[in-house]
Amino acid sequence: MSIEATIQDLTRRWLKGAADNDVEAIMALYHPAIRSFDAILAIQVSGEKAYRAHWQKCMESCPAEAFFEMHDLVVEASDSLAVSHSLTHCGATVEGEKQGGWMRCTHVWKRDGDQWKIVHEHFSCPFNPEGMSLIMTWQPEHAPVPFN
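Remember, the numbering used here sits 1047 above the position in the sequence shown when you count from 1.
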């Protein structure tokens, strides 16, 4: 299996863990020295223990069933590092209606022996400098290609 296909498979596991609110499944994909620039609650989280607590807090604050959908996934890889980036639609399903927004997601993967682990994760939203606010209503200008 190519490195790109391996990263795609691991990304599917990450998506399933996130959608299932399964902190252990998600954390199994992170390197112990994970450094995250998240868009929720904290500007930066470093280390496995702190990031596990961060994920748990995020999941507990979700008002209903979470959803995570990746689109336009691109994977670039070498022998020891890989980068994946996508547009991610995430939020919660409340009374049958998806409520959430689009974010940009980047994962940096490092080969650790025979396994690939996420060493850096970055989620962000577009920002409007005129209004000094996040653009939570942003929509892609093209038809995003779902990754599943």
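Virtual Cβ for every residue (Gly too), placed ideally from N, Cα, C.
Out of the options, point me to the one whose CA is closest to residue i's CA.
{"i": "T1135", "options": "L1062, I1073, I1165 and K1104", "result": "L1062"}
{"i": "Q1103", "options": "Q1091, A1065 and W1185", "result": "A1065"}
{"i": "V1192", "options": "H1078, V1121 and T1140", "result": "V1121"}
{"i": "V1141", "options": "D1069, E1112, P1079 and V1092", "result": "E1112"}
{"i": "D1126", "options": "W1185, W1163 and A1097", "result": "W1163"}
{"i": "T1153", "options": "K1145, G1143, H1118 and A1139", "result": "H1118"}
{"i": "S1049", "options": "E1123, F1174 and W1185", "result": "E1123"}
{"i": "C1109", "options": "G1094, R1151 and Q1146", "result": "Q1146"}
{"i": "S1093", "options": "D1067, A1052, G1143 and I1165", "result": "I1165"}
{"i": "I1081", "options": "F1194, F1174, V1155 and W1185", "result": "V1155"}
{"i": "S1083", "options": "H1169, E1116, G1143 and S1133", "result": "H1169"}
Could you give the C-beta distance for residue i and residue j, rounded to a whole number, given that I count them as a contact under 8 Å?
{"i": "L1076", "j": "R1099", "result": "Contact doesn't hold; Cβ gap of about 12 Å is too wide."}
{"i": "W1149", "j": "P1187", "result": "7 Å"}
{"i": "K1009", "j": "H1101", "result": "Outside the modelled stretch of the chain, which goes from 1048 to 1195, sits residue 1009, for which no answer is possible."}
{"i": "A1129", "j": "I1054", "result": "5 Å"}
{"i": "E1095", "j": "M1074", "result": "7 Å"}
{"i": "S1133", "j": "F1194", "result": "7 Å"}
Taking just the CA atoms, how far does residue j sit from residue i?
{"i": "D1069", "j": "D1159", "result": "23 Å"}
{"i": "V1167", "j": "A1089", "result": "It should be pointed out that residue 1167 corresponds to His in this sequence rather than to Val. C-alpha separation (whole angstroms): 15 Å."}
{"i": "A1072", "j": "L1057", "result": "11 Å"}
{"i": "F1114", "j": "E1107", "result": "14 Å"}
{"i": "L1181", "j": "I1087", "result": "12 Å"}
{"i": "C1137", "j": "M1179", "result": "22 Å"}
{"i": "S1131", "j": "H1189", "result": "20 Å"}
{"i": "C1172", "j": "M1183", "result": "7 Å"}
{"i": "W1185", "j": "E1116", "result": "15 Å"}
Tell me residue i's beta-bridge partners as DSSP assigns them.
{"i": "P1193", "result": "H1118"}
(request) Taking only runs that begin and end inside the stretch 1133-1183, name each unbroken beta strand (DSSP E) of 3 or more residues, in chain order. (result) 1144-1159 and 1162-1171
(request) Note down, one range per segment and in chain order, each alpha helix (DSSP H) of at least 4 residues found wholly within the stretch 1080-1131. (result) 1095-1108
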